[in-house]
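In the UniProt record's numbering, the protein residues as written are 1 to 123. Data first, discussion second: the structure below is written as structure tokens.
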């Protein structure tokens, strides 16, 4: 699947499930940092799974209602690495109960301490 179009945040008002939204959108690298939707979202599992080009800032997202981040930045079962390398250490993840495989094979995630602090907060 190839998706490179623009998405306006207003279309997502009231959405609670973004699971696999960009699943296999291998060329997607759109700027969705301004989305004002995630304060109600509970499920982000696999949201960027196999989104092999995605590497945009998401640090402004309010993920305080999210409970599921399973394989959110994972390449799925392909074994490929993904380029995501953004600071998400400021996310409020206190409600997350499943973060297994959150960044499996995110080999370019240079600032491991940002991810580590996120995972430690989850546990």
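Using N, Cα and C, we set each Cβ at its ideal position, and we do this for glycine too.
Exercise. Nearest chain B C-beta to residue 55 closer than 8 Å, yes or no?
Worked result: Given the protein chain composition of this structure (a single chain), no chain B is represented.
Exercise. In chain order, what residues of the same chain have a beta carbon less than 7 Å from the beta carbon of residue 21, not counting five sequence neighbours either side?
Worked result: In the chain shown, residue 21 corresponds to position 21, counting from 1. Correct list, in chain order: 47.
Exercise. Whole-angstrom Cβ separation of residue 64 and residue 92, contact assumed at under 8 Å?
Worked result: If you number the chain shown from 1, residue 64 lands on position 64. If you number the chain shown from 1, residue 92 lands on position 92. Taking the Cβ atoms as the reference, residue 64 lies roughly 4 Å from residue 92, within the contact range of under 8 Å.
Problem set entry | Close Cβ partners of residue 40 (< 8 Å) along its chain, the five nearest in sequence each way excluded | Taking the chain shown and counting its residues from 1, one reaches residue 40 at position 40. If the five residues before and after residue 40 are omitted, its C-beta is found closer than 8 Å to the C-beta atoms of 14, 15, 16, 65, all from its own chain and listed in chain order.
For this session: Go through the segment 64-101 residue by residue and report every complete run of the beta strand (DSSP E) that reaches 3 residues or more, in order.
Result: The DSSP assignment places no complete run of the beta strand (DSSP E) inside the segment 64-101 (cut-off: 3 residues).
Problem set entry | Proximity to residue 87 [Cα-Cα], best of 34, 55, 101, 67 | By one-based count along the chain shown, residue 87 stands at place 87. Checked all of 34, 55, 101, 67; the closest Cα to residue 87 is 55.
Problem set entry | Alpha-carbon spacing of residue 96 relative to residue 58, whole angstroms | Taking the chain shown and counting its residues from 1, the one referred to as residue 96 is at position 96. Taking the chain shown and counting its residues from 1, the one referred to as residue 58 is at position 58. If I take the Cα positions, the gap works out to 17 Å.
For this session: Return the residue from the list 71, 34, 33, 30 that minimises the CA-CA distance to residue 43.
Result: Your numbering for residue 43 matches position 43 in the chain shown. When the alpha-carbon of residue 43 is set against those of 71, 34, 33, 30, the nearest one is in 71.
For this session: State the CB to CB distance for the pair residue 51 and residue 32, rounded to an integer number of angstroms; the pair is presumed to be in contact (CB under 8 Å).
Result: Position 51 of the chain shown, counted from the first residue, corresponds to residue 51. Position 32 of the chain shown, counted from the first residue, corresponds to residue 32. A Cβ-Cβ distance of about 11 Å is found for the pair residue 51 and residue 32, leaving them out of contact under the 8 Å criterion.
For this session: Please state whether DSSP places residue 36 in a helix, a strand or coil.
Result: Here residue 36 corresponds to residue number 36 of the chain shown, with the count starting at 1. In the three-state reduction of the DSSP assignment, residue 36 falls in the coil class.
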